[in-house]
Amino acid sequence: MTDKIIDLGSGFWNIRGSFKLGGLIDIGTQCSLVQLESGKFIFLDSYSLTGELRDKVMSLTDNGTKVEAILNLHPFHTIHCAQMAKDFPTAINYGSERHKRKITEVNWADDLVESEAVAKRYPELEFSLPKGIDYISDNEMIHASSLLAFHPASKSLHVDDTFVTPPAKILQAILPELSLHPTTKKALTDEPNAGKKYCDWAENLAEKWQKTENFCAAHSDMVKFGPGEFKAALLKAVAKARPKLEKA
Numbered sequence: 652m653t654d655k656i657i658d659l660g661s662g663f664w665n666i667r668g669s670f671k672l673g674g675l676i677d678i679g680t681q682c683s684l685v686q687l688e689s690g691k692f693i694f695l696d697s698y699s700l701t702g703e704l705r706d707k708v709m710s711l712t713d714n715g716t717k718v719e720a721i722l723n724l725h726p727f728h729t730i731h732c733a734q735m736a737k738d739f740p741t742a743i744n745y746g747s748e749r750h751k752r753k754i755t756e757v758n759w760a761d762d763l764v765e766s767e768a769v770a771k772r773y774p775e776l777e778f779s780l781p782k783g784i785d786y787i788s789d790n791e792m793i794h795a796s797s798l799l800a801f802h803p804a805s806k807s808l809h810v811d812d813t814f815v816t817p818p819a820k821i822l823q824a825i826l827p828e829l830s831l832h833p834t835t836k837k838a839l840t841d842e843p844n845a846g847k848k849y850c851d852w853a854e855n856l857a858e859k860w861q862k863t864e865n866f867c868a869a870h871s872d873m874v875k876f877g878p879g880e881f882k883a884a885l886l887k888a889v890a891k892a893r894p895k896l897e898k899a
């Protein structure tokens with residue numbers, strides 16, 4: 652995938668990047684840039700910026716000096732954290748416990764990215780952490796959970812691996828669909844009714860963030876939803892998965 656930045660309006664830009672599995676198959680990755688009411692900026696997730704993409708971001712952020720913080724939302728997306736911290740040395744770096752454990756060269760903030768303290772600092776965004784599944788799984792191959800961020804002003808939802816869309820653009824154009832991450836069942840916690848808690852959380856999210864129009868996922872192109880389509884797509888995905896998750 653070619654690096655690009657997409658202006659979604661109202662101070663929200665989604666950055667589409669490259670991530671190759673085994674150095675061969677490019678499944679893509681992302682970060683987003685958000686302008687705060689103060690005029691400063693924050694990043695959602697990290698990505699190493701180069702070329703014209705870097706020039707554009709630096710132009711928007713006064714050569715990076717207006718970047719207040721980097722919020723690394725997915726505990727298993729760590730490849731670009733160190734470079735991002737170098738590129739924006741005055742920014743506060745927020746991450747999960749796994750970020751702190753894996754990327755020790757970064758000066759991480761004491762507050763965890765998923766904490767209420769961080770959420771309160773950025774009222775321009777709404778955050779949600781999935782219920783019923785482990786945020787940081789002991790199994791390094793299970794990436795179902797991530798901290799989701801919704802930007803009401805632009806109707807943009809930034810989500811890493813938790814929800815996914817069809818990889819083929821033609822499928823996205825014909826029928827915007829959502830699915831739960833394929834490792835969701837394996838990510839369920841040991842608590843009673845974990846599957847129900849997860850499904851109930853996702854259904855509540857469909858209602859709460861039903862105005863979503865720009866669906867920004869890590870490993871697929873950005874998908875546009877019309878009025879009501881995001882809610883319907885997520886409810887459909889949950890209804891399909893609920894029987895298996897509740898039996899787990």
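Counting with the numbering used here, you get residues 652 to 899 for the letters of the sequence shown. Backbone N, C-alpha and C define an ideal beta-carbon position, used for all residues, glycine too.
- By the criterion of at least three beta-carbon pairs nearer than 8 Å, the segment 738-753 is in contact with the segment 709-722.
- The beta carbons of THR813 and SER830 sit about 10 Å from each other, so the pair does not count as a contact at 8 Å.
- Judged by DSSP secondary structure, ASP658 falls outside any alpha helix (DSSP H) and instead within the beta strand (DSSP E) spanning 655-658.
- At a Cβ-Cβ threshold of 8 Å, SER683 and PHE692 do not count as neighbours.
- Of the candidates LYS898, ILE787, GLU756, ILE787 places its Cα closest to the Cα of VAL764.
- Minimum Cα-Cα distance from ASP789 among the listed residues GLU777, PRO726, SER807, ALA845 corresponds to PRO726.
- Taken through DSSP and simplified to helix, strand or coil, VAL769 comes out as helix.
- Under the three-state reduction of DSSP output, TRP852 falls in the helix class.
- In this structure GLY660 is exposed. Its beta-carbon is surrounded by fewer than 16 other beta-carbon atoms within 10 angstroms.
- Judged by their CB atoms, LEU886 and ALA868 are not nearer to each other than the 8 Å cut-off.
- Our two residues, GLU880 and LEU700, have alpha carbons roughly 32 Å apart in a direct line.
- A residue is called buried when at least 16 other Cβ atoms come within 10 angstroms of its Cβ; ARG667 meets this threshold and is buried.
- Where HIS750 is concerned, the enclosing alpha helix (DSSP H) starts and stops at 748-753.
- At the C-beta level, LEU687 and GLU775 come within 8 Å of one another.
- With a threshold of 16 other beta carbon atoms within 10 Å, THR816 meets it and is buried.
- Residue pairing by DSSP leaves HIS832 without any beta bridge partner.
- For GLN734, DSSP assigns no beta-bridge partner whatsoever.
- Your pair THR729 and HIS750 checks out as a contact, with CB atoms roughly 6 Å apart and the cut at 8 Å.
- Less than 8 Å separates the beta-carbon of ALA838 from that of ALA795.
- Beta-bridge partners of HIS809 (DSSP): ALA800, CYS867.
- Annotation for ALA768: ASP762 place their beta carbon closer than 6 Å to its own, counting only its chain and skipping 5 residues before and after.
- DSSP places LEU885 in the helix class (H, G or I) of the three-state scheme.
- Around the beta carbon of PRO740, fewer than 16 other beta carbons lie within 10 angstroms, which makes this residue exposed.
- The straight-line gap separating the alpha-carbon atoms of ILE793 and GLY783 is approximately 14 Å.
- Only residues of its own chain outside the window of five on either side were considered, and among them SER697, TYR698, SER699 have a CB closer than 6 Å to the CB of HIS731, listed in chain order.
- Pairing LYS836 with ASN844, the inter-Cα distance amounts to about 12 Å.
- Selection ASN855, GLY877, LYS848, SER807 evaluated against PHE866 yields SER807 as nearest (Cα-Cα).
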